[in-house]
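Residue numbers for the sequence shown follow the numbering used here, so the first one is -10 and each next one is one higher. By construction, the Cβ of each residue, glycine as well, lies at the ideal position given by its N, Cα and C atoms. Because the structure is a prediction, the values reported are computed rather than measured.
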Amino acid sequence: MTQTQPDLSVEFCGKTFFNPFLLSSSPVSNSAEMVARAFEAGWSGVAFKTLNSDRIPIIHPSPRMNPYDYGSKKLVGLQNVEQISDRPLKDNLLDFLYLKKHYPRHVLISSIMGFSNEEWAYLAKASEDNGADMLELNFSCPHMCVEGSGHKVGQAFHLLEKFTGTVKKAVSIPVIAKMTPNITDITEPALYAKNGGADAISAINTVSGISEVGLEDLVPKPNIFGVGAVSGTSGPAVKPIGLHFIADMAKNGNLGLPLSGMGGIETWIDALEYILLGASTVQVTTGIIHYGYRIVEDLIEGLSDYMTQAGIQTVSELVGRSLPHLQTTDHFDLNRQGVAEYDLERCIGCGQCYIVCRDAAGQALEWDTANRRPRLIEDKCLSCMICSFVCPVPGLISYQEKDSRWQRQETPVMDPALESGLKLAPPPWL
Ligand SMILES: Cc1cc2nc3c(=O)[nH]c(=O)nc-3n(C[C@H](O)[C@H](O)[C@H](O)COP(=O)(O)O)c2cc1C
């Protein structure tokens, strides 16, 4: 029986993207030559590197990035102090004309950042006049060196609304507002952007952070000739923050705008998670910095295979599908409890589970030294499952729900005789 190929195309702001995978605005989308190669590799669209109007010269600090490696894991994150585009506006716009001429089916999003009301309007109009299909307003780069630049706007909601309104008046193409994650509640600025007329929201830009300090020179990295700074963190380390913010916006009943998700996407599974939590397109930078444009092959193939196996025909059926399962923690059923279950046939006797259970959990394991095997005392198991996280054998330790009559034991106090010396006032509410 022949199976029909799933349809990866998505509608976003009235445009059809032939798949949901875009380059995000950054060095991976810096010129037509680069974007053309990315399009050839399979990406359906681009948020071009944020345009500058030439009024203020842009000089990038050097070096402009630092890897956040953890143990043997390379680039779990990336720290960068790169600014918006340092190319002349004319060169960037000529690149737009080139891309629209040679890749009319691909979607060109012009990312802009103004330093004043007029400049936002000017960059917006110049982008539209030279073929941009939509705009992305960069309200969110956390480390611009130029005072008054758009990044602070992401935290000043009235300005964000005002500049969105200015841009909307200047152009007729759709406008996406790109949000900073460096706030508490992302739905707030997103609603201001909506009031200003934004057609969609993208998130997240980089997370303000310091991922490494040089131990010899004591300078946070990247070390710009003896000076470090709080700067932008991206890559897998920030994915939990990106997913959280996309989900928050998708669940907000008052927002109702299409979402473009990014932050730490490297594989089709990362991309699918963003889609399941409400993004209809996804964007990538650090994954490409790590592996190159070719990762789009994995994104396309993985998502297609997943959809085929799940019997899903269109990406839109997947958008937001996890949201009904996402509740606040007060919705948990605390009457249902469980424990860890061990398949000791497969145990290699490393003892990791025993160590972490003793030092960080319920002391629910005893160690059989002769046989080098853990022995679980079920009644003490907290079901935190950290033993399974450190076990090197996949699937050896699993979670098992217990019968509702099952009771976990209280942790005994070390010395009940100390009770007479206990100092504890009666609670004020009694
Ligand atoms: C070196 C670098 C430069 C970036 N420059 C821009 C930019 O000019 N405009 C912008 O909107 N976002 C910029 N970003 C942010 C990315 O577009 C993206 O929002 C962020 O890196 C999270 O995605 P990721 O984890 O896939 O990198 C930059 C990111 C990096 C790493």
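To the nearest angstrom, how far is it from the Cα of residue i to the Cα of residue j?
| i | j | result |
| --- | --- | --- |
| Lys90 | Leu207 | 50 Å |
| Asn41 | Phe104 | 9 Å |
| Gly276 | Arg94 | 24 Å |
| Glu107 | Pro9 | 33 Å |
| Ser33 | Phe7 | 6 Å |
| Val65 | Ile264 | 22 Å |
| Ile193 | Gly250 | 7 Å |
| Leu323 | Ser393 | 11 Å |
| Val379 | Gln326 | 22 Å |
| Glu390 | Tyr343 | 21 Å |
| Gly186 | Leu78 | 26 Å |
| Leu232 | Asp319 | 20 Å |
| Pro46 | Asp75 | 7 Å |
| Met(-10) | Thr297 | Any reading at Met(-10) must be qualified, since the residue scores a pLDDT of 47, below 50, and its modelled position is unreliable; the value itself is stated next. Each residue's alpha carbon lies about 13 Å from the other. |
| Arg397 | Ala353 | 11 Å |
| Leu204 | Ala260 | 36 Å |
| Asn19 | Thr274 | 11 Å |
| Asp174 | Ala145 | 13 Å |
| Glu399 | Lys369 | 8 Å |
| Gly217 | Pro401 | 49 Å |
| Trp257 | Ile289 | 7 Å |
| Lys158 | Tyr57 | 42 Å |
| Gln272 | Ala236 | 16 Å |
| Leu86 | Ala21 | 9 Å |
| Ser13 | Ser220 | 18 Å |
| Ala113 | Cys346 | 57 Å |
| Thr270 | Asp357 | 52 Å |
| Asn243 | Pro178 | 13 Å |
| Ala182 | Lys141 | 14 Å |
| Ile284 | Glu255 | 7 Å |
| Phe234 | Ser61 | 29 Å |
| Ser293 | Asp287 | 10 Å |
Compare the C-alpha of residue i against each of the options and name the closest.
| i | options | result |
| --- | --- | --- |
| Ser197 | Thr5, Val164, Leu67, Asn212 | Leu67 |
| Thr169 | Ser269, Glu125, Ser311, Ser51 | Glu125 |
| Asp43 | Leu323, Asp80, Val17 | Asp80 |
| Lys4 | Ser20, Pro163, Gly120 | Pro163 |
| Ile278 | Glu0, Ser15, Ile375 | Ser15 |
| Leu371 | Ile258, Ala350, Leu354 | Ala350 |
| Leu148 | Ile230, Tyr87, Ser129 | Ser129 |
| Ala110 | Glu177, Val160, Ser305 | Val160 |
| Arg429 | Asp348, Phe37, Cys373, Glu334 | A query on residue 429 cannot be resolved here, the shown segment of the chain reaching from -10 to 419 and no further. |
| Ser51 | Pro211, Pro415, Leu(-3) | Pro211 |
| Gly120 | Leu315, Leu82, Phe234 | Leu82 |
| Ala329 | Pro229, Gly60, Cys373 | Cys373 |
| Thr(-7) | Leu315, Ile301, Leu419, Leu307 | Ile301 |
| Lys167 | Gly410, Gly384, Thr39 | Thr39 |
| Arg364 | Tyr331, Leu413, Pro417 | Tyr331 |
| Gly245 | Asn184, Phe321, Pro416 | Asn184 |
Given a cut-off of 9 Å, decide if residue j and residue i are closer than it, judged by their beta-carbon atoms.
| i | j | result |
| --- | --- | --- |
| Asp118 | Leu97 | no |
| Gly224 | Gly253 | yes |
| Asn69 | Glu201 | no |
| Ala189 | Pro247 | yes |
| Cys376 | Ile386 | yes |
| Ala359 | Leu312 | no |
| Cys2 | Ile165 | yes |
| Ala27 | Tyr282 | yes |
| Leu88 | Val35 | yes |
| Val227 | Thr176 | no |
| Pro405 | Gln341 | no |
| Ile101 | Val156 | yes |
| Ser(-2) | Thr303 | yes |
Suppose only complete runs of 3+ residues qualify. What are the beta strand (DSSP E) ranges in the region 256 to 301, listed by chain order?
270 to 273
Could I get the ranges of all uninterrupted beta strand (DSSP E) runs contained in the region 351 to 393, with 3 residues as the minimum, in chain order?
354 to 357, 362 to 365, 386 to 390
Complete alpha helix (DSSP H) runs within the region 72 to 135 (minimum length 4 residues, chain order)
78 to 91, 106 to 118
Residue ranges of each alpha helix (DSSP H) within the region 209 to 245, 4 or longer
Positions of the alpha helix (DSSP H) runs, each at least 4 residues long and wholly inside the region 209 to 245, are given as 228 to 240 in order along the chain.
If you scan the region -8 to 53 from start to end, which runs of the beta strand (DSSP E) of 3 or more residues do you find wholly inside it?
For the region -8 to 53, whole beta strand (DSSP E) runs of length 3 or above, ordered along the chain, are -1 to 1, 4 to 6, 10 to 12, 34 to 40.
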